[in-house]
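A.B. asks: Okay, handing you the structure first.
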Amino acid sequence: MSTLHTVNKSPFERNALHSCLGHLCAGDAVLMIEDGVFGARKGSSAAPMVQAALQAAKVYALVADLSARGIKPGDVIDGVQLVDYGGFVDLVTQHGRTAAWL
Amino acid sequence: MAKKFLYINRKAPYGTIYALESLEVVLIGAAFEQDVSLAFIDDGVFQLMAGQDTTAAGFKNFSRTYKALGDYEVRKLYVERESLEERGLKLEDLMPITYEDENEDYAEKPSIHVVGRSELASIIAGQDVVLSF
Numbered sequence: 000m001s002t003l004h005t006v007n008k009s010p011f012e013r014n015a016l017h018s019c020l021g022h023l024c025a026g027d028a029v030l031m032i033e034d035g036v037f038g039a040r041k042g043s044s045a046a047p048m049v050q051a052a053l054q055a056a057k058v059y060a061l062v063a064d065l066s067a068r069g070i071k072p073g074d075v076i077d078g079v080q081l082v083d084y085g086g087f088v089d090l091v092t093q094h095g096r097t098a099a100w101l
Numbered sequence: 000m001a002k003k004f005l006y007i008n009r010k011a012p013y014g015t016i017y018a019l020e021s022l023e024v025v026l027i028g029a030a031f032e033q034d035v036s037l038a039f040i041d042d043g044v045f046q047l048m049a050g051q052d053t054t055a056a057g058f059k060n061f062s063r064t065y066k067a068l069g070d071y072e073v074r075k076l077y078v079e080r081e082s083l084e085e086r087g088l089k090l091e092d093l094m095p096i097t098y099e100d101e102n103e104d105y106a107e108k109p110s111i112h113v114v115g116r117s118e119l120a121s122i123i124a125g126q127d128v129v130l131s132f
């Protein structure tokens, strides 16, 4: 079963997202939470690596954390899916394990 | 039944509490006879540097604890090759960490395995539980 990876740090402060994306297996999912959602914004220097990851993995961002930081759904990289807290729980149950990148 | 636990270590020792806390949790997990592996990625590789001497700094040198892991049946320490290379490190810069193989007349064998990033991704995929520090 595939792995759910959570990332909770801004890609501009830490290498958590970069390191996470380097350790994905095909079919894995990445969920950006807390300051990790800054990695979901279009047009940043982190966007190309997220777009590249979307070729082989699913990428999600937690809506509550996006909203709290003023990031609108339209600002999110195409292909990154938005989930609420219930969706977060669903992702955990749909994967064999959860790995946190912090 | 024993579960496969992987502890991912991505922080240098001393600057934050993560490395020491990880080591303590690893020892607890081993006491419950789980199948424990450790991964050292990014600055986590600095945890295994040989020759750590905290005398002048005045805090506890917990690096010797890694050498005792073999006695707790923790025998799989995966160190990421790319993380070593990015930091200008080689296997020789790390502490020798070994375990005694009871099936081979207690021969000393290395616990550290240097693995590439993609192999580490497969190791993560093979676990029941992943704990990150």
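Sequence order for the protein chains is W and R. Start counting the first sequence at 0; every next residue gets the next number (numbering that gives the first Met the number 0). Start counting the second sequence at 0; every next residue gets the next number (numbering that gives the first Met the number 0). All C-beta atoms, glycine included, are put in the ideal place defined by N, C-alpha and C.
On the DSSP letters alone, give me the boundaries of the beta strand (DSSP E) that Pro-109/R sits inside.
C.D. replies: Note, Pro-109/R: beta strand (DSSP E), 106-109.
A.B. asks: Whole angstroms is fine: what's the gap from His-94/W's alpha carbon to Leu-53/W's?
C.D. replies: Answer to the nearest angstrom: the Cα atoms are 17 Å apart.
A.B. asks: Between Lys-41/W and Leu-101/W, how many whole angstroms is the CB-CB distance? I'm expecting something under 8 Å.
C.D. replies: The pair is not a contact, with the Cβ atoms about 24 Å apart (cut-off 8 Å).
A.B. asks: Taking a Cβ distance cut-off of 7 Å, strictly less, list which residues of the stretch 104-120 of chain R are near chain W, in chain order.
C.D. replies: Of all residues in the stretch 104-120 of chain R, Arg-116, Leu-119 and Ala-120 have a Cβ within less than 7 Å of some Cβ in chain W.
A.B. asks: Near Gln-50/W, which residues of its chain fall below 6 Å by C-beta distance, leaving aside the five closest residues on each side in sequence?
C.D. replies: So no residue of the chain qualifies.
A.B. asks: Strictly below 7 Å CB to CB, what residues from chain R border Gly-21/W?
C.D. replies: Within 7 Å Cβ-Cβ: Arg-116.
A.B. asks: Can you tell which of Gly-43/R, Leu-26/R and Glu-79/R has the C-alpha that lies nearest to the C-alpha of Val-35/R?
C.D. replies: Of the candidates Gly-43/R, Leu-26/R and Glu-79/R, the one whose C-alpha sits nearest the C-alpha of Val-35/R is Leu-26/R.
A.B. asks: Taking 7 Å as the CB-CB limit, is Val-129/R close to chain W?
C.D. replies: It does: the Cβ of Val-129/R has a partner Cβ on chain W nearer than 7 Å.
A.B. asks: May I have the straight-line CA-CA distance separating Met-48/W from Glu-72/R, to the nearest angstrom?
C.D. replies: Their Cα atoms are separated by approximately 39 Å.
A.B. asks: Let me know the secondary structure DSSP gives Ile-97/W once reduced to three states.
C.D. replies: With the sequence shown as reference, residue 97/W is identified as Thr, and Ile is not the correct amino acid for it. Looking at Thr-97/W - three-state DSSP - the assignment turns out to be strand.
A.B. asks: Let me make sure I understand the geometry here. Which of Leu-65/W, Cys-24/W and Ser-18/W has the alpha-carbon closest to that of Val-79/W?
C.D. replies: Among Leu-65/W, Cys-24/W and Ser-18/W, the Cα nearest to that of Val-79/W is on Leu-65/W.
A.B. asks: What residues of chain R sit near Leu-30/W, judged by a beta carbon separation below 9 Å?
C.D. replies: By Cβ distance, chain R contributes nothing, its closest Cβ being about 14 Å from Leu-30/W, past 9 Å.
A.B. asks: Helix, strand or coil: which one does DSSP assign to Leu-62/W?
C.D. replies: It is Val, not Leu, that sits at residue 62/W in the sequence shown. Of the three classes helix, strand and coil, the one that applies to Val-62/W here is helix, per DSSP.
A.B. asks: Taking CB distances under 7 Å as the criterion, tell me whether Thr-92/W reaches chain R.
C.D. replies: Thr-92/W does not count as touching chain R.
A.B. asks: With distances taken from CA atoms, which of Glu-84/R, Ser-117/R, Asp-104/R and Met-94/R is nearest Gln-46/R?
C.D. replies: The shortest C-alpha separation from Gln-46/R is found at Met-94/R.
A.B. asks: Note the first and the last residue of the continuous beta strand (DSSP E) segment covering Thr-15/R.
C.D. replies: First-last for Thr-15/R: undefined, no H or E at that position.
A.B. asks: What do you get for Thr-54/R, buried or exposed, if any count of 16 or more other CB atoms within 10 angstroms of its CB means buried?
C.D. replies: Result: exposed.
A.B. asks: Have a look at Thr-97/R, Pro-12/R and Ile-40/R and flag the residue whose alpha-carbon is nearest the alpha-carbon of Leu-5/R.
C.D. replies: Nearest of Thr-97/R, Pro-12/R and Ile-40/R to Leu-5/R, Cα basis: Ile-40/R.
A.B. asks: Which of the three DSSP states is assigned to His-17/W in this structure?
C.D. replies: Of the three classes helix, strand and coil, the one that applies to His-17/W here is helix, per DSSP.
A.B. asks: Roughly how many whole angstroms lie between the Cα atoms of Val-88/W and Phe-58/R?
C.D. replies: Taking the straight line from one Cα to the other gives about 41 Å.
A.B. asks: Using the three-state DSSP reduction, which class does Ser-9/W fall into: helix, strand or coil?
C.D. replies: In the structure shown, Ser-9/W sits in coil (DSSP, three-state: anything other than H, G, I, E or B).
A.B. asks: Under 6 Å Cβ to Cβ from Arg-74/R, same chain only, skipping five residues before and after it: list those, please.
C.D. replies: Same-chain partners within the cutoff: Tyr-98 and Ser-110.
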